[in-house]
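A.B. asks:
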Amino acid sequence: MASARKTGTRLRLKEPENRATFQSALIEWFRQHGRDLPWRRTHDPYAVLVSEFMLQQTQVATVIDYYHRWLERFPTVEALAAADEADVLRMWEGLGYYARARNLHAAARRVRDEYGGRFPRELEKIAALPGVGRYTAGAVASFAFDLSAPIVEANTARVLARLIHLRIPIDTAPGQRALWAAAEELTPAAEARLYNSALMELGATVCRSRAPQCLLCPVLRYCAAAPHDPERLPIKKARKATIALTEDCAWIVHEGRLLLQQGVGSRWKGLWKLPPLADPLANGEEPLMQLAYPFTHYQVTLRVFPAPAPLVPGANQAWCPLEGLETVAMAAPHRRAVRQLNK
DNA sequence: AACACGGGGAT
DNA sequence: ATCCCAGTGTT
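First residue of the first sequence? That's 190 in this note's numbering, and the numbers climb one at a time after it.
1. Please report the distance separating the alpha-carbon of residue 450 from that of residue 416.
2. Taking the continuous alpha helix (DSSP H) assigned at residue 483, which residues delimit it?
3. Taking a contact to mean a Cβ-Cβ separation below 8 angstroms, would you say residue 520 touches residue 460 in this structure?
4. Please classify residue 516 as buried or exposed, where buried requires at least 16 neighbouring CB atoms within 10 angstroms.
5. Could you give the uninterrupted runs of the alpha helix (DSSP H) lying entirely in the segment 333-359, keeping only those of 4 residues or more?
6. Check whether the segment 252-269 and the segment 489-509 touch, using three or more Cβ-Cβ pairs below 8 angstroms as the test.
7. Within the continuous alpha helix (DSSP H) that includes residue 218, where are the two ends?
8. Where does residue 490 fall in DSSP's three states?
9. Bridge partners for residue 201 per DSSP, in chain order?
10. Residue 404 to residue 214, Cα distance in whole Å?
11. Using 8 angstroms for Cβ pairs, my map puts residue 518 next to residue 275. What's the rounded Cβ distance?
12. Straight-line CA distance for residue 351 to residue 368?
13. DSSP on residue 509, reduced to helix/strand/coil?
14. Using C-beta distances below 7 angstroms, list every residue in its chain close to residue 256, excluding the 5 sequence neighbours before and after it, in chain order.
15. Under a three-way DSSP split, which group does residue 437 fall into?
16. To the nearest angstrom, how far is the alpha carbon of residue 319 from that of residue 475?
17. Reducing DSSP to helix, strand and coil, say where residue 238 ends up.
18. Find the nearest neighbour of residue 203 within the set 315, 385, 456, 413, judged by alpha-carbon distance.
19. Can you tell me whether residue 487 is buried or exposed? The criterion is at least 16 other CB atoms within 10 Å of its CB, across all chains shown.
20. Examine the ligand NAD and report whether any of its heavy atoms sits within less than 7 angstroms of the Cβ of residue 348.
21. Just tell me which of 484, 433, 508 has its CA closest to the CA of residue 464.
22. May I ask which residues mark the beginning and end of the alpha helix (DSSP H) holding residue 368?
23. Express the C-alpha separation of residue 448 and residue 440 in angstroms, rounding to a whole number.
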């Protein structure tokens with residue numbers, strides 16, 4: 190093994206015997222260098238599911254505190270299934286992508302109602318849970334049950350794209366097909382839990398997006414990108430241009446209560462926010478405050494204007510006592526505005 | 001295939 | 001500013 194590195198021999202992952210040594214080298218490296226993350230201390234499928242939902246498009250450092258608080262509040266799948274959606278959203282507040290919270294809640298109820306509270310151990314049944322796609326299904330199957338299931342997410346996509354020197358964009362159907370095919374070929378029949386953890390960990394700490402640490406890589410001699418410029422991979426489609434827009438909302442306090450409106454569409458559904466102001470007060474009033482927040486490819490300026498109290502709250506609106514504002518789930522930019530104005 | 005969906009971290 | 005992040009569901 191060491192001689193291969195010294196002599197610079199490139200090993201082709203097309204050969205099954207090389208795949209076996211690749212897997213072993215990766216796992217051995219992980220045993221020595223893998224981080225101690227909270228969700229790696231358990232095989233409880235519910236805890237794994239919680240972590241995987243939270244980690245969708247969300248960085249590890251952001252998730253850790255939420256993960257601990259969540260399991261303290263909803264320690265079991267039964268506890269979550271029995272919870273109210275308002276409490277679920279309140280615990281998720283600030284994490285974003287709130288459909289994840291509603292889907293996790295629905296998944297818990299599905300496990301309770303369809304499987305008698307016993308988590309399904311088949312990949313197909315896991316994948317059928319709401320909010321569980323191909324990645325999350327493979328992650329739960331391998332991390333909780335050590336089933337041999339491939340995974341492709343940000344870290345492993347980058348690692349695989351470099352390993353096979355994939356020169357097409359990974360965020361296209363052909364690119365995804367190639368990555369999943371590679372993941373399937375390389376996932377071992379045994380020890381998939383360790384292997385999948387190791388592949389992700391390699392992408393997170395060594396085979397990084399910027400400044401990959403190829404000199405520290407345990408599988409460098411299998412990497413087809415190594416003779417080229419690994420940092421140029423993976424290729425992605427061009428991004429959309431950022432669009433600036435303005436949102437105006439109302440600050441209406443009456444008898445110690447603030448008027449709030451609940452999101453009903455797809456965005457911030459179930460969360461509370463300041464009521465939107467369609468007409469930015471044609472009288473040319475000054476905003477009480479404004480703040481900026483990014484949203485996908487938009488840069489939004491949120492302006493808050495004082496407004497008179499309505500005789501009755503509109504649809505999906507309610508008065509919230511000023512001292513009770515922290516108990517309701519609120520969209521993050523509105524939370525910022527409310528905290529500042531309530532001081 | 002394109003889009004919607006949040007929010008924060010890192011450079 | 002810009003890119004990125006343990007993605008999924010809808011159109």
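The beta carbon of each residue, even a glycine, is placed where N, CA and C say it ideally should be. No experiment lies behind these values; they were computed from the predicted model shown.
C.D. replies: Quick look at the numbers:
1. 57 angstroms
2. Per DSSP, residue 483 belongs to no alpha helix (DSSP H); it is in the beta strand (DSSP E), 478-484.
3. yes
4. exposed
5. The segment 333-359 is shown to contain whole alpha helix (DSSP H) runs of 4 or more residues at 343-352, in chain order.
6. With a cut-off of 8 angstroms on Cβ pairs, the segment 252-269 is not in contact with the segment 489-509, counting fewer than three such pairs.
7. 205-222
8. strand
9. Partner(s): none; residue 201 has no beta bridge.
10. 15 angstroms
11. 7 angstroms
12. 10 angstroms
13. strand
14. 227, 228, 239, 240, 243
15. Strand at residue 437.
16. In a straight line, the C-alpha of residue 319 is about 45 angstroms away from that of residue 475.
17. helix
18. 413
19. exposed
20. Inclusion of the ligand NAD in the displayed structure is not the case, the ligand content being empty and no account of it being possible.
21. 508
22. Note, residue 368: alpha helix (DSSP H), 362-375.
23. 7 angstroms
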